[in-house]
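J.: Below you will find the structure I want to go over with you.
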Amino acid sequence: MNKVKLRCNMKKLVQKTILIIMLLLLPLLLSACGEKNPYRVYTFNLSDSFSTTNKVQIVSREKPQAELDVLYDELDQILIDLDHRFNIQDRGDGIVTEQMRINQNAGIAPIAVSDEMIRVLKKALEMSEFSLSGGVALFDPSIAPVWDVWDFVNNLYDPFMDNRAEIPTLEQITARLPLVNYAKIIIDETAKTVFLQDAGMKIDLGAIVKGYAADKLKAHLVAAGYEKAVIDVGRNILLLGDGVDINGADTPWKVSIQTPFVSQYDGSDLQTYGSMKLTDVTVVTSGTYEKYIMDESGNMYPHILDPRTGYPFDNNVIGVTVVCSESIVGDGFSTTLFALGLTDGMALVNSLDYLDAVWVVANGTSKEVYVSDGLKNIFVFNETVAEIGFVYKGAYNENFGN
385 MNKVKLRCNM KKLVQKTILI IMLLLLPLLL SACGEKNPYR VYTFNLSDSF STTNKVQIVS
445 REKPQAELDV LYDELDQILI DLDHRFNIQD RGDGIVTEQM RINQNAGIAP IAVSDEMIRV
505 LKKALEMSEF SLSGGVALFD PSIAPVWDVW DFVNNLYDPF MDNRAEIPTL EQITARLPLV
565 NYAKIIIDET AKTVFLQDAG MKIDLGAIVK GYAADKLKAH LVAAGYEKAV IDVGRNILLL
625 GDGVDINGAD TPWKVSIQTP FVSQYDGSDL QTYGSMKLTD VTVVTSGTYE KYIMDESGNM
685 YPHILDPRTG YPFDNNVIGV TVVCSESIVG DGFSTTLFAL GLTDGMALVN SLDYLDAVWV
745 VANGTSKEVY VSDGLKNIFV FNETVAEIGF VYKGAYNENF GN
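The sequence shown begins at 385 in the working numbering and counts up one residue at a time.
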């Protein structure tokens, strides 16, 4: 059985819906299997490493099936190896990952780690520095002990099951807060060790490692000679090169951002609130509507926790979509900017020339959409979503009150 599907029925490919991002291959690509266009689209449905959906779609001239099968195995093995290094969930498979060993030895001893662990952890701590507010890192990989109290893994709300959950008590949450301190994560690059200073500390790099995985898949594709692809690792979207038009010429990919809280059963014209034409960048979203717990009273508790309180952030941010070149950076910043809130987050974005973002922020019954300076001439707002309360405010500038 072939592991790789050649998608000649391009209508099925045109709208590839993801929970947060909807990536639309340009309509002209519909003719990719025709005589005028030598390109084909090959779909790789990879294993569920990181307990999520992973897919690569390659746009290429026709390739031998044997070559594609080898490439599939190579890409899949990259994800499996990373999962076996960074996973912290007990899946009953007996695998003790590198990150598990770090956590198990918190307060006991430094643990020898790979260069890859150091690279990803350093990037996470860099995000902690970017997220400092009042001396507290709002992006803190050591939030894991508090996250465990909430048990998001088992309590995530499914609207079809309507599975309400009991919320942890204030006492349970505050008892774990002293364990949250990114400054007590000690990296020794010379000895190649990581040490968590306090017993009971625990780190989780899930907010950044999927982006790293996407970058690694892209690097492998480039090394193998591929120039056009869409990489999706747990909704971290990474574009390699351009798409192609009806004549096989380069043309940007069209990326549309899914409307928060709109289901697949709502009108098709409401599914996305805006779009951009992009080339060779990553697009990553963090939001309150992606993963959350619902209690018996119908209150939502999103999975992104505030290290100051142990509860979900309460800053009116519904979602932040980041656009940049590296997916590990986009992954980390999507959470960092969400945590910082609109004013501080947008100030940070506009101070960095390698980063752009789109925000959705609640304001009463309205959902206001803002973009950073670098996207104001690129982002196209879908006016139809105005009927469900979305308002496009343009490039954010607090001095002008928009």
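Beta carbons are placed, not taken as given, at the ideal position from N, Cα and C, and that holds for glycine.
Kindly list the residues whose CB is nearer than 6 Å to the CB of residue 501, restricted to its own chain and excluding five residues on each side of it in sequence; keep chain order.
T.: Within the sequence shown, numbered from 1, the residue matching residue 501 stands at position 117. Counting only Cβ-Cβ distances below 6 Å, and skipping sequence neighbours, we find 482.
J.: On the DSSP bridge assignment, give the partners of residue 511 in chain order.
T.: By 1-based counting over the sequence shown, the position of residue 511 is 127. Answer is none; residue 511 lacks a bridge partner.
J.: Run through the stretch 671-715 for me and flag every whole beta strand (DSSP E) of 3 or more residues, listed as ranges in chain order.
T.: List check, beta strand (DSSP E) in window: 676-678, 684-686 and 701-708.
J.: May I ask you to report which of helix, strand or coil DSSP gives residue 445?
T.: The count along the sequence shown starts at 1 and reaches residue 445 at position 61. Residue state, collapsed to three classes: strand.
J.: What residue does the alpha helix (DSSP H) around residue 566 start on, and which one ends it?
T.: One-based indexing of the sequence shown puts residue 566 at position 182. Counting along the chain, residue 566 falls outside any alpha helix (DSSP H), and DSSP gives it neither H nor E.
J.: How long is the line joining the alpha carbons of residue 629 and residue 525, rounded to whole angstroms?
T.: Translated into positions along the sequence shown, residue 629 becomes position 245. Translated into positions along the sequence shown, residue 525 becomes position 141. Near 42 Å, if we compare the C-alpha coordinates of residue 525 and residue 629.
J.: Contact defined as beta carbons within less than 8 Å: I believe residue 561 pairs with residue 585. What is the distance between those atoms, to the nearest angstrom?
T.: As a position in the sequence shown, residue 561 is number 177, starting the count at 1. As a position in the sequence shown, residue 585 is number 201, starting the count at 1. Actually they do not touch by this definition, with Cβ atoms about 12 Å apart.
J.: For residue 745 and residue 557, I'd like the C-alpha separation in whole angstroms.
T.: Position 361 of the sequence shown, counting from 1, holds the residue named residue 745. Position 173 of the sequence shown, counting from 1, holds the residue named residue 557. If you take the alpha carbons of residue 745 and residue 557, they lie about 27 Å apart.
J.: Based on Cα-Cα distance, which residue from 702, 681 and 591 lies nearest to residue 645?
T.: Position 261 of the sequence shown, counted from the first residue, corresponds to residue 645. Ranking 702, 681 and 591 by Cα distance to residue 645 puts 702 first.
J.: Within the continuous beta strand (DSSP E) that includes residue 577, where are the two ends?
T.: Mapped onto the sequence shown, residue 577 falls at position 193. Per DSSP, residue 577 belongs to the beta strand (DSSP E) from 577-580.
J.: Given residue 765, which residues of its chain have a CB within under 6 Å of its CB, disregarding the five upstream and five downstream residues?
T.: Taking the first residue of the sequence shown as position 1, residue 765 is located at position 381. Excluding positions up to five away in sequence, the list reads 658 and 776.
J.: Looking only at its chain, what residues have a beta carbon closer than 6 Å to the beta carbon of residue 726, apart from the 5 residues adjacent to it on each side?
T.: Start at 1 with the first residue of the sequence shown, and residue 726 comes out as number 342. Contacts found: 743 and 745.
J.: Quick one: what's got a C-beta closer than 6 Å to residue 596's C-beta in the same chain, skipping five residues either side?
T.: Numbered from 1 along the sequence shown, position 212 holds the residue referred to as residue 596. Counting only Cβ-Cβ distances below 6 Å, and skipping sequence neighbours, we find 504 and 712.
J.: With distances taken Cα to Cα, identify the nearest neighbour of residue 516 among 458, 566 and 427.
T.: Within the sequence shown, numbered from 1, the residue matching residue 516 stands at position 132. If we check each option's Cα against that of residue 516, 566 comes out closest.
J.: Let me know the secondary structure DSSP gives residue 596 once reduced to three states.
T.: Numbered from its first residue, the sequence shown carries residue 596 at position 212. Helix, per DSSP.
J.: With a CB to CB cut of under 7 Å and the five nearest residues on each side skipped, what residues in its chain are close to residue 774?
T.: In the sequence shown, counting from the first residue as 1, residue 774 sits at position 390. Within the same chain, residue 774 has close Cβ partners 657, 751 and 753.
J.: Pull up the distance between the alpha-carbon of residue 679 and that of residue 540, whole angstroms please.
T.: As a first step, residue 679 must be located in the sequence shown, where it is residue number 295. As a first step, residue 540 must be located in the sequence shown, where it is residue number 156. When rounded, the distance between both Cα atoms is 11 Å.
J.: Rounded to a whole number of angstroms, what is the C-alpha to C-alpha distance between residue 642 and residue 623?
T.: Taking the sequence shown and counting its residues from 1, the one referred to as residue 642 is at position 258. Taking the sequence shown and counting its residues from 1, the one referred to as residue 623 is at position 239. Their backbone Cα atoms lie some 17 Å apart in a straight line.
J.: Just the C-alpha distance for residue 589 and residue 550, rounded to the nearest angstrom, thanks.
T.: Start at 1 with the first residue of the sequence shown, and residue 589 comes out as number 205. Start at 1 with the first residue of the sequence shown, and residue 550 comes out as number 166. Using only the alpha carbons, I get a separation of about 26 Å.
J.: If distances are taken between C-alpha atoms only, which option among 611, 768, 755 and 477 comes closest to residue 652?
T.: Start at 1 with the first residue of the sequence shown, and residue 652 comes out as number 268. It is 768.
J.: Quick check on the DSSP output: the beta strand (DSSP E) that includes residue 740 runs from which residue to which?
T.: Here residue 740 corresponds to residue number 356 of the sequence shown, with the count starting at 1. Unbroken beta strand (DSSP E) run through residue 740: 740-747.
J.: Would residue 730 pass as a contact of residue 756 if the rule is Cβ separation under 8 Å?
T.: Against the sequence shown, residue 730 aligns to sequence position 346. Against the sequence shown, residue 756 aligns to sequence position 372. Yes, the Cβ-Cβ distance between residue 730 and residue 756 is below 8 Å.
J.: Tell me the rounded alpha-carbon separation between residue 667 and residue 719.
T.: Locating residue 667 in the sequence shown gives position 283, counting from the first residue. Locating residue 719 in the sequence shown gives position 335, counting from the first residue. Taking the straight line from one Cα to the other gives about 13 Å.
J.: Straight-line CA distance for residue 715 to residue 510?
T.: For this step, residue 715 is matched to residue 331 along the sequence shown. For this step, residue 510 is matched to residue 126 along the sequence shown. Rounded to the nearest angstrom, the two C-alpha atoms are 13 Å apart.
J.: Take residue 686 and list the residues in its own chain whose beta-carbon comes closer than 6 Å to its own, dropping the five residues that flank it on each side.
T.: Within the sequence shown, numbered from 1, the residue matching residue 686 stands at position 302. Counting only Cβ-Cβ distances below 6 Å, and skipping sequence neighbours, we find 672, 676 and 696.
J.: What are the residues that DSSP puts in a beta bridge with residue 588?
T.: Taking the sequence shown and counting its residues from 1, the one referred to as residue 588 is at position 204. Per DSSP, none; premise fails for residue 588.
J.: Residue 732 and residue 514 - do their beta-carbons sit closer together than 8 Å?
T.: Stepping through the sequence shown from its first residue, residue 514 is reached at position 130. Stepping through the sequence shown from its first residue, residue 732 is reached at position 348. Taking 8 Å as the Cβ cut-off, residue 514 and residue 732 qualify as a contacting pair.
J.: Whole beta strand (DSSP E) runs in the stretch 606-649 with 3 or more residues, listed along the chain?
T.: Secondary structure remark: continuous beta strand (DSSP E) runs of at least 3 residues inside the stretch 606-649, in chain order: 613-617, 620-624 and 637-642.
J.: Is it right to say residue 421 is buried, meaning 16 or more other beta carbons lie within 10 angstroms of its own, or is it exposed?
T.: On the sequence shown, position 37 is the one that residue 421 refers to. Counting the other Cβ atoms within 10 Å of the Cβ of residue 421 gives 16 or more, which makes it buried.
J.: Nearest to residue 669 by alpha carbon, out of 650, 681 and 639?
T.: One-based indexing of the sequence shown puts residue 669 at position 285. The shortest C-alpha separation from residue 669 is found at 639.
J.: How would you call residue 704, buried or exposed, if buried means at least 16 neighbouring beta carbons within 10 angstroms?
T.: Sequence index remark: in the sequence shown, residue 704 carries index 320 (1-based). It is buried - the Cβ of residue 704 has at least 16 other Cβ atoms within 10 Å.
J.: Where does residue 463 fall in DSSP's three states?
T.: Counting from one through the sequence shown, the residue named residue 463 turns up at place 79. Here residue 463 sits in helix by DSSP.
J.: Would you mind stating whether residue 443 and residue 612 have Cβ atoms separated by less than 8 Å?
T.: Here the question's residue 443 lines up with position 59 in the sequence shown. Here the question's residue 612 lines up with position 228 in the sequence shown. Cβ distance < 8 Å, so residue 443 and residue 612 count as in contact.
J.: Flag this pair as yes or no: are the beta carbons of residue 580 and residue 490 separated by less than 8 Å?
T.: In the sequence shown, residue 580 corresponds to position 196, counting from 1. In the sequence shown, residue 490 corresponds to position 106, counting from 1. Yes, Cβ-Cβ distance for residue 580 and residue 490 is below 8 Å.
J.: What residue ranges within the stretch 480-561 form continuous alpha helix (DSSP H) runs of no fewer than 4 residues, ordered along the chain?
T.: 482-488, 499-514, 528-534, 536-539 and 554-560
J.: My assumption, with CB atoms under 8 Å, is that residue 763 sits in contact with residue 660. Please give the rounded CB distance.
T.: Within the sequence shown, numbered from 1, the residue matching residue 763 stands at position 379. Within the sequence shown, numbered from 1, the residue matching residue 660 stands at position 276. Residue 763 to residue 660, Cβ: 6 Å. Contact.
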